[in-house]
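Asks: Respectively, the protein sequence lines represent chains A and B.
Residues in the first sequence are numbered from 1 upward in steps of one, following this note's numbering.
Residues in the second sequence are numbered from 1001 upward in steps of one, following this note's numbering.
Okay, here's the structure, questions in a sec.
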Amino acid sequence: MTFFAEIWELLSSAKYMSMLFTGLGTTLVVSLFSAILGLFLGTLVALVAICPDSPLMKLPKIICKVYVTVIRGTPMALQLFIMMYAIFAIRGFPQEITAIIAFGINSGAYVSESIRGGILSVDIGQTEAGRALGLPYGVTLMKIVIPQAVKNVIPAIGNELIALIKETSIVSMIGMYDLTQAAKVIGAGNNMASYIVPMSVAACFYLAIVYTLSFGIKGIEKRLRAGDRR
Amino acid sequence: MESKKIESTSEVLFSIKDLHKSFGNHEVLGGIDLDIHNGDQIAIIGPSGCGKSTFLRCINCMEDPTSGSIIFEGVDIADTSIDINVHRENIGMVFQQFNLFNNKTVIENIMLAPVYVRTKKLRRSSKSGDAPKLTKADIKKEERERAMALLRRIGLEDKADVYPSTLSGGQKQRVAIVRALAMNPKVILFDEPTSALDPEMVGEVLDLMKELAKEGMTMVIVTHEMGFAREVADRILFIDEGKIKEQGTPEDVFDHPKDPRLQEFLSKVL
């Protein structure tokens, strides 16, 4: 009973709510911009990875391979620390931007594999038919293969975005004031003196974002699939 | 069938010399020489795994030959430094699995490549200063009309705006054939065009191919349909172990086979 009473106390407190919403703002900003950066990087890396082998593409391919291997093979928290305390250890450099870069780079590695998988899942016959008609590789890719790959990729990208939003809570480890950090601060405060209540409320916030997002993704998926069955 | 052209009288379209193809250490084609003339209808037969499909796919460099030359319109297209796309515009191909573009409607499937190629040429000519007479919209309109005419020819004009997933196998393959025709190719390569079809749909596809043959379209057909090969082709190639083991008129090959492997093969399939 006290639990629900305390939840109500928190929800009705303007101070606590404004703390939570400030944190939510940081979480959303970091998530959104690192998602954009991640999608951009991921697409770029996937396109390089599926390009046919040629001497010109050799170095970019190696770079992309190393990038994906290193980023997927090391912990996100460590990557963030390295960004924050080594690469962007510049006084006054905005923490948000460092976080966006770190999460964007991390997300890009996963997204690139999803996109690569999606492109490879399109039957090779589609490419062959385009090429046999005299369409260049790039045109075949853009007009035939990628539109079909998008449908296959959407669920995996959705997964990645959901994981990304939740992973941004790691920024609380470097003291950034995101949703998780806000809950932590409230819980450690003198008045509340309880972690379970603010943490539960913060969890509901995350849940609400993720649920809305997955709802949106389902919708996009449905619309794309409707296009080819008529 | 009786009045087949004598091959040496017409112009040579392809001159294939000593064509080799290996996948890793495995040699699939061990030196093939062949001249294809304008108006030839060549059927390629042979046991599965003999390299007949690989050979066909080498003709338009879907598979890059390991060595040898393929002279098409005076250019060696086996040379990887040339722009193969320009030449592929003149070499149609029809696949066993149809390979219609799933994300395009039937009519878009047919129009896509001609519109692309003509628009590209238009851009080039406008760059060189000649005033272009057509806009991209004109080209699209023209190609849509041509595509419609082709669909009418195969009786599928009512399917113009549906997606390929709703067509039957036979309809898909006929659309794939007119898609190749829309480019006005000099030759069409058929890679086992009826092997993936239900038996009752084989006829409609073969009938369309017979029509093309009658019109004098140059065709190279890899097939298991011996009756069709006999009726349509003016030359039969028997490929085994990556080499042309025997070639000749259908009468020679089917009625008087000399090669023991061909005799064995025919005794199994006929």
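Backbone N, C-alpha and C define an ideal beta-carbon position, used for all residues, glycine too.
Every value quoted in this text rests on a predicted model; they were computed, and no experiment measured them.
So which residues on chain A does B/ALA1113 lean against when the C-beta distance must stay under 7 Å?
Replies: What you label residue 1113 of chain B is simply residue 113 of the second sequence in a count that begins at 1. The answer, in chain order, is LEU133, GLY134 and LEU135.
Asks: Of the residues A/LEU179, A/SER112, A/PRO55 and A/PHE21, which one's Cα is nearest the Cα of A/ILE157?
Replies: Residue 157 of chain A sits at position 157 when you count from the first residue of the first sequence. For A/ILE157, the nearest C-alpha among the options comes from A/SER112.
Asks: Less than 8 Å between the C-beta atoms of B/MET1111 and B/GLU1063, yes or no?
Replies: Walking along the second sequence from the start, residue 1111 of chain B turns up at place 111. Walking along the second sequence from the start, residue 1063 of chain B turns up at place 63. Going by C-beta atoms, B/MET1111 is not nearer than 8 Å to B/GLU1063.
Asks: So for B/THR1249, helix, strand or coil by DSSP?
Replies: Sequence index remark: in the second sequence, residue 1249 of chain B carries index 249 (1-based). DSSP places B/THR1249 in coil when its eight states are reduced to three.
Asks: Quick check: the Cα distance between B/ASN1060 and B/GLU1011, rounded to an integer number of angstroms?
Replies: Locating residue 1060 of chain B in the second sequence gives position 60, where the first residue counts as 1. Locating residue 1011 of chain B in the second sequence gives position 11, where the first residue counts as 1. Each residue's Cα considered, the two are about 19 Å apart.
Asks: Quick check: the Cα distance between B/ASN1103 and A/LEU141, rounded to an integer number of angstroms?
Replies: Stepping through the second sequence from its first residue, residue 1103 of chain B is reached at position 103. Stepping through the first sequence from its first residue, residue 141 of chain A is reached at position 141. Spanning the two alpha carbons is a distance of roughly 12 Å.
Asks: Mind pulling the chain A residues with CB within less than 7 Å of B/LYS1093?
Replies: Taking the second sequence and counting its residues from 1, the one referred to as residue 1093 of chain B is at position 93. With the sequence shown as reference, residue 1093 of chain B is identified as Met, and Lys is not the correct amino acid for it. Neighbours of B/MET1093 on chain A, chain order: ALA132.
Asks: Using a 10 Å radius around the Cβ and a threshold of 16 neighbouring Cβ atoms, would you call B/ASN1099 buried or exposed?
Replies: Within the second sequence, numbered from 1, the residue matching residue 1099 of chain B stands at position 99. With 16 or more Cβ atoms within 10 Å of its Cβ, B/ASN1099 is classed as buried.
Asks: Verify the CB distance criterion: does B/MET1217 have a CB-CB separation below 8 Å to chain A?
Replies: In the second sequence, the residue the question calls residue 1217 of chain B occupies position 217. With 8 Å as the cut-off, B/MET1217 does not count as an interface residue toward chain A.
Asks: Taking C-beta pairs closer than 7 Å, name the residues in chain B that A/VAL139 reaches, listed in chain order.
Replies: In the first sequence, the residue the question calls residue 139 of chain A occupies position 139. TYR1116, listed in chain order.
Asks: Taking only the alpha-carbon atoms, compute the straight-line gap between B/LEU1208 and A/LEU133 and give it to the nearest angstrom.
Replies: Position 208 of the second sequence, counted from the first residue, corresponds to residue 1208 of chain B. Position 133 of the first sequence, counted from the first residue, corresponds to residue 133 of chain A. Those two C-alpha atoms are separated by around 20 Å.
Asks: For A/GLN126, which of helix, strand or coil comes out of DSSP?
Replies: Against the first sequence, residue 126 of chain A aligns to sequence position 126. If DSSP states are grouped into helix, strand and coil, A/GLN126 belongs with the helices.
Asks: Helix, strand or coil for B/THR1119, going by three-state DSSP, please let me know.
Replies: By one-based count along the second sequence, residue 1119 of chain B stands at place 119. B/THR1119 falls in the helix class under three-state DSSP.
Asks: List the residues of chain A whose Cβ lies closer than 8 Å to the Cβ of B/MET1183, in chain order.
Replies: One-based indexing of the second sequence puts residue 1183 of chain B at position 183. In chain order: LEU133 and GLY134.
Asks: Could you check where the alpha helix (DSSP H) with A/GLN79 kicks off and where it finishes?
Replies: Locating residue 79 of chain A in the first sequence gives position 79, counting from the first residue. Where A/GLN79 is concerned, the enclosing alpha helix (DSSP H) stretches over 76 to 82.
Asks: I'd like to confirm the pairing. Which residues does DSSP put opposite B/ARG1235 in its beta bridges?
Replies: Against the second sequence, residue 1235 of chain B aligns to sequence position 235. In DSSP, B/ARG1235 forms a bridge with B/ILE1042.
Asks: Which one of B/ILE1070, B/THR1066 and B/LEU1056 has the shortest CA to CA distance from B/SER1015?
Replies: Position 15 of the second sequence, counted from the start, is the residue given in the question as residue 1015 of chain B. For B/SER1015, the nearest C-alpha among the options comes from B/ILE1070.
Asks: Starting from the beta carbon of B/MET1062, find every residue of chain A whose beta carbon is closer than 9 Å, and list them in chain order.
Replies: Your numbering for residue 1062 of chain B matches position 62 in the second sequence. Within chain A, the residues near B/MET1062 are GLU128, ARG131 and ALA132.
Asks: Return the residues of the segment 107 to 126 of chain A that lie within a Cβ-Cβ distance of less than 8 Å from chain B, sorted by chain order.
Replies: ASP123, GLY125 and GLN126
Asks: Here's the rule I'm using: 16 or more other beta-carbon atoms within 10 Å means buried, otherwise exposed. How should A/TYR211 be labelled?
Replies: Taking the first sequence and counting its residues from 1, one reaches residue 211 of chain A at position 211. Classification of A/TYR211: exposed, given that the 10 Å Cβ count is below 16.
Asks: To the nearest whole angstrom, what separates the beta carbons of A/MET76 and A/ILE101, a pair I think is in contact under 8 Å?
Replies: Position 76 of the first sequence, counted from the start, is the residue given in the question as residue 76 of chain A. Position 101 of the first sequence, counted from the start, is the residue given in the question as residue 101 of chain A. With 8 Å as the limit, A/MET76 and A/ILE101 do not qualify as a contact, their Cβ atoms being about 13 Å apart.
Asks: Could you tell me the distance, in whole angstroms, from the CA atom of B/LYS1004 to the CA atom of B/ASP1234?
Replies: By 1-based counting over the second sequence, the position of residue 1004 of chain B is 4. By 1-based counting over the second sequence, the position of residue 1234 of chain B is 234. With a pLDDT of only 43 at B/LYS1004, under the threshold of 50, the placement of this residue in the model should not be trusted; the figure read from the coordinates follows. Rounded to the nearest angstrom, the two C-alpha atoms are 6 Å apart.
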